[in-house]
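To keep things clear, I will list the structure first and then write my remarks on it.
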Amino acid sequence: MEPTTGKAKYYTLMEALKEQILSGTIKPGQKLPSENELTRHLLETGRRNIIGIFKADDSQGAQRHKGYVQALQESGIPYDPENVIWFHTEDRKTKPSLMLSMLLDSKKSVDAAVCYNDQIALAVISMLEEKGISVPEDIAVTGYDNSLIGQSSPIGITTIAHPQEKLGEMAAELILEKIRKVPEEESSVKRLISPELIVRESTAGKNLSTETKK
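For the sequence shown, the numbering used here assigns the number 84 to the initial residue and increments by one for each residue that follows.
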């Protein structure tokens with residue numbers, strides 16, 4: 084095996100194991116901690132007409148959509164598939180903002196948008212500003228990943244953060260356990276890391292933008 088090929092496979096496995104750590108122990112009916120935290124936060128701030136924007140061609144998009152649906156149902160709000168915008172990798176730069184813009188042009192009532200990640204959230208915020216819509220006064224927006232994009236945006240983006248260093252350590256431990264063929268039920272690695280909700284201006288405005296909670 085060529086060194087570069089082996090390294091590529093290692094990094095691919097590491098990323099897959101990180102995802103397993105984040106979601107591997109979730110059972111049917113169990114709460115999805117990071118995925119529904121953002122929607123729940125919006126509901127707590129009084130938003131009810133929440134659009135979900137998710138990626139269709141990866142498992143994280145499906146997981147985040149499930150959390151969105153779960154949070155709505157827990158609050159007694161019926162799930163409406165017409166309130167969800169799905170996009171693919173190849174159209175990620177244009178479709179989310181374009182589809183939301185079309186929904187707004189149709190006079191659909193919208194007061195918040197839960198976005199797949201911070202990059203999508205930033206594009207949505209830019210589109211809203213171009214239409215003269217204030218964030219978060221008119222429409223609140225959330226991202227995901229706590230990226231530099233979200234931190235440095237003119238309007239700070241409310242997001243979810245995961246401890247990347249800890250994820251890497253746990254993924255490495257899982258690799259060693261797989262090499263040793265340790266049964267999953269005997270694994271010493273706790274598979275679920277609690278997320279951190281970071282509240283910024285895109286949902287709370289300037290006065291409450293420093294709020295954080297687990």
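By construction, the Cβ of each residue, glycine as well, lies at the ideal position given by its N, Cα and C atoms.
Assuming residue i contacts residue j under a Cβ cut-off of 8 Å, what Cβ separation, rounded to an integer in Å, is found between them?
{"i": "tyrosine 151", "j": "threonine 122", "result": "5 Å"}
{"i": "tyrosine 199", "j": "isoleucine 136", "result": "6 Å"}
{"i": "isoleucine 168", "j": "leucine 183", "result": "6 Å"}
{"i": "serine 285", "j": "proline 219", "result": "6 Å"}
Sort out for me which residues DSSP pairs residue i with in a bridge.
{"i": "isoleucine 61", "result": "No answer is possible for residue 61: it lies beyond the span of the chain, which begins at 84 and ends at 297."}
{"i": "isoleucine 258", "result": "Partner(s): none; isoleucine 258 has no beta bridge."}
{"i": "lysine 138", "result": "Phe170"}
{"i": "glutamate 279", "result": "Ala244"}
{"i": "isoleucine 133", "result": "Ala195"}
So, at 7 Å on beta carbons, what are the nonlocal neighbours of residue i in its own chain, with the 5 sequence-adjacent residues on each side left out?
{"i": "isoleucine 222", "result": "Val193, Asp194, Ala195, Ala196, Leu211 and Ile216"}
{"i": "serine 106", "result": "Its pLDDT being 43, under 50, serine 106 is placed unreliably in this model, and the coordinates cannot settle the point."}
{"i": "glutamine 113", "result": "Confidence is the limiting factor: at glutamine 113 the pLDDT is only 48, short of 50, which leaves the residue's position unreliable, though a coordinate-based value still follows. Nothing meets the Cβ criterion."}
{"i": "isoleucine 232", "result": "Asp201, Gln202 and Leu205"}
{"i": "leucine 126", "result": "Ala154 and Ser158"}
{"i": "glutamine 234", "result": "none"}
Determine the direct distance from the alpha carbon of residue j to that of residue i, and round the result to whole angstroms.
{"i": "isoleucine 51", "j": "leucine 205", "result": "Within the shown structure, residues of the chain are numbered from 84 to 297, placing residue 51 beyond reach of any answer."}
{"i": "arginine 283", "j": "threonine 242", "result": "8 Å"}
{"i": "arginine 130", "j": "asparagine 119", "result": "14 Å"}
{"i": "histidine 124", "j": "phenylalanine 170", "result": "24 Å"}
{"i": "alanine 154", "j": "aspartate 201", "result": "20 Å"}
{"i": "valine 224", "j": "valine 207", "result": "8 Å"}
{"i": "isoleucine 258", "j": "arginine 175", "result": "32 Å"}
{"i": "histidine 344", "j": "proline 278", "result": "Given that the chain is displayed from residue 84 to residue 297, the structure contains no residue 344 and the question cannot be resolved."}
{"i": "aspartate 384", "j": "glutamate 173", "result": "The requested residue 384 does not occur in the structure, where the chain is confined to residues 84 to 297."}
{"i": "tyrosine 162", "j": "asparagine 132", "result": "10 Å"}
{"i": "lysine 264", "j": "leucine 280", "result": "35 Å"}
{"i": "glutamine 143", "j": "tyrosine 227", "result": "11 Å"}
{"i": "leucine 187", "j": "lysine 214", "result": "10 Å"}
{"i": "threonine 177", "j": "proline 266", "result": "44 Å"}
{"i": "glycine 288", "j": "glutamate 260", "result": "46 Å"}
{"i": "asparagine 229", "j": "glutamate 256", "result": "25 Å"}
{"i": "lysine 191", "j": "lysine 138", "result": "22 Å"}
{"i": "glutamate 252", "j": "alanine 244", "result": "17 Å"}
{"i": "lysine 164", "j": "methionine 185", "result": "The sequence given here has proline at residue 164, not lysine. Going by the C-alpha atoms only, they are around 16 Å apart."}
Note down, in chain order, each residue of its chain lying with its Cβ closer than 8 Å to the Cβ of residue i, except the 5 sequence neighbours on either side.
{"i": "serine 189", "result": "none"}
{"i": "isoleucine 262", "result": "none"}
{"i": "serine 209", "result": "Ser180"}
{"i": "glutamine 156", "result": "Tyr162"}
Near residue i, what residues of its chain come up, given a Cβ to Cβ distance below 6 Å and the 5 sequence neighbours on each side ignored?
{"i": "asparagine 166", "result": "Ile134"}
{"i": "serine 319", "result": "As displayed, the chain neither begins before 84 nor continues past 297, which places residue 319 out of reach and without an answer."}
Considering only heavy atoms of the ligand MG, does any lie closer than 8 Å to the CB of residue i?
{"i": "serine 217", "result": "For the structure depicted, the ligand MG is absent and the ligand set is empty, with no information on it obtainable."}
(request) Return the chain-ordered ranges of every alpha helix (DSSP H) run that is complete within the segment 173-233 and spans a minimum of 4 residues. (result) 178-188 and 201-213
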